[in-house]
Structure formats: structure tokens, C-alpha cells
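Take the sequence shown: its letter number 34 is residue 927 in our numbering, and every next letter is one higher.
Glycine included, every Cβ here is placed at the ideal spot set by N, Cα and C.
Below is one structure; the comments refer to it alone.
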Amino acid sequence: MKPLLTSEGPLTLDRPPMFPDGASEQDIESSASLFIFKHDRNLALRLISVIDEQLEGRERLVDLGVGYGFIAKSLKETLGFQEALGIDEDENRLEVARGRGIKTYQVDLENDPLPFSAETADLATSFGLLNYFKSYDNLLSETNRVLKLGGIFALSVPNLGWWVNRVSLGLGYQPPNISVSMKHIVGMPSFYPRQKPTKYIHSVTLRALRELLEKYGFETVRVLGGREPSYDDIRNRIARGFVKTTDRILSKSVGLSVRLFIVSKKVGPYGTEPIEP
């Protein structure tokens, strides 16, 4: 893997990227991806390296669900982009992102078009937004529209095929990363360390997401899996040790990991072929 060049020299495993160095507690608490990167810097480096290798241009980055702007700012500086644009619905978060040098727009990404001309972005990112949507369609079609041909779309989503979800469902429990109430945690194993609902409307399997990306003109380049970092909060020592060991083994298979990190490339416009029902 070639070293990633930054203003301070080559980026290596001994010198990890900004994820999550420099991130505030607010940044990490609001982003499951950043929380995972905090515990697995190697994953962050691998993800950034794949994006770096695939980029054909570095003029404009668009972060969909920019939040407080930490990831957009980090990618802009690390990958050498001229401009970073951030989209979100929350004005309070957008205000923080603007303070980090991100040009922001307040948009309902589930329903509304992006305020950009077609084929004007080199990289689009969405780390932890799609799981709050009823449908991915608008975001994917708009992302295809604004990306240049050959542009990169990097995203992360909770994995419905996570081994804990499979075991929980098989034993009659609610899969932990799908909430049915915004106020109460219900139906989950008693040992699972969660203090409040995730508010995720749904998650997706790797197979389904790959197929959907293909429908919208994207070719999957690389898929990485993140491990669950919250197991230290499990109170029962025996359960904690068993779950941590099992997760370390099974998460080596991306399809069984807690979160999917996908790097895809726009290979054609959306709508050139009919969508199958």
C-alpha cells in the first residue's frame, strides 16, 4: 500500500490519520463511525488509503450528513481537496461545521435535491446517515447526479447481517441496531450495553447495499468491516469475555461485522436501465 502524502509527510500505520485525533467528545458521540475509528485507527487508515488510490480529482468533496464537520474537514486536509461542502438538516451542527471551514447547506437529504449542478463533485461521503432514512433512493440518485463520472462515493452503514443481529433474531430478541421506539429499549438481550435507543429506522445487509448501489450506477471497489467497540460496558465478566472474543473472530468476515464501510465508484448515470420491481 503506497504511503499517503500529507502536509506533514507520509501517513503510515505509525502515524495515523486525523480520525479521531482532534475530534471533540461531541464529534465522537454524534458519529458511530468516528467512535469505531477511535478504537481502530488501522481501519481509518485503510479506508482513507483506498479513497486516495481511487480518486481521479481533488477539487470538490461533498459530505452528506456533515454533522459537526469533523470528518469533512479531516478528509479535505488529508486528501488535499480544494473545497469541502457539507449537507445537513440540523442548523446547530451546520454552524459548527462552518466554523471548521466547510461551506454548508441545509437540505432534507431523504426527499430534496442537492443544490449543485450535475457532475461537479469528485468525492461524496455519507458516514452514518442512511440508517435514519425510510428510503435510500433520493440520496443515491442525487449522489450519482452530482458526482463526476469516475467519482468516488464512500459511505458507512450499520450492518443488518452483523453476527449479533443474527444470533439475537435467532433467539427471539430484537436486533440491537434497529429501534422500534425512540424512547424505550425493548426486546434486546439483557447483557447488551445500550442506555438509549439508536433511533435507527433500519439497517441493510452487504448484499442488498451492493445491489442497490449497482442499480444507481455505482461499482463497489472495496468493503471494510468495523468491530463493535462497546463490549467493555457489558457488566457480566463472562459474557463480556465471550462476546469480545467472538466478535474479534467473526468480524474478520466483513459480512458479519457491526458496520460496513464501502468505497464505490460512479461508472454510469442513474436511470439508463430500468429498475426491477
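In angstroms with no decimal places, state the Cα-to-Cα distance between residue i and residue j.
{"i": "alanine 965", "j": "aspartate 920", "result": "12 Å"}
{"i": "proline 909", "j": "leucine 938", "result": "Summary for proline 909: the model assigns pLDDT 43, below 50, so the residue's position carries little reliability, and this model does not support an answer."}
{"i": "arginine 991", "j": "phenylalanine 963", "result": "11 Å"}
{"i": "proline 1069", "j": "glutamate 1035", "result": "30 Å"}
{"i": "alanine 1101", "j": "valine 1060", "result": "20 Å"}
{"i": "proline 1051", "j": "arginine 1152", "result": "4 Å"}
{"i": "leucine 1048", "j": "leucine 1022", "result": "9 Å"}
{"i": "leucine 957", "j": "isoleucine 1078", "result": "28 Å"}
{"i": "valine 1160", "j": "glutamine 947", "result": "13 Å"}
{"i": "isoleucine 995", "j": "leucine 1002", "result": "18 Å"}
{"i": "glycine 1065", "j": "leucine 972", "result": "45 Å"}
{"i": "asparagine 1037", "j": "leucine 1099", "result": "20 Å"}
Is the beta carbon of residue i less than 8 Å from the beta carbon of residue j?
{"i": "serine 871", "j": "asparagine 1024", "result": "Since the first residue of the chain shown is 894 and the last is 1170, residue 871 is not available in this structure."}
{"i": "arginine 953", "j": "glutamate 976", "result": "yes"}
{"i": "glycine 1118", "j": "serine 1144", "result": "yes"}
Return helix, strand or coil for residue i, following the three-state DSSP convention.
{"i": "valine 1156", "result": "strand"}
{"i": "glycine 1137", "result": "Going by the sequence as given, residue 1137 is lysine instead of glycine. Lysine 1137: helix per DSSP, three-state reduction."}
{"i": "serine 1061", "result": "helix"}
{"i": "alanine 1011", "result": "coil"}
{"i": "tyrosine 1163", "result": "coil"}
{"i": "serine 1049", "result": "strand"}
{"i": "glutamine 999", "result": "strand"}
With burial defined as no fewer than 16 other Cβ atoms inside 10 Å of the residue's Cβ, what is the status of residue i: buried or exposed?
{"i": "aspartate 1015", "result": "buried"}
{"i": "glycine 1110", "result": "buried"}
{"i": "aspartate 907", "result": "For aspartate 907, the pLDDT reaches just 44, beneath the cut-off of 50, and the residue's location in the model is therefore unreliable, leaving the point undetermined."}
Segments assigned alpha helix (DSSP H), at least 4 residues, entirely inside the stretch 927 to 990: 934 to 947 and 963 to 972
Inside the stretch 1093 to 1133 only - beta strand (DSSP E) runs reaching at least 3 residues: 1111 to 1119
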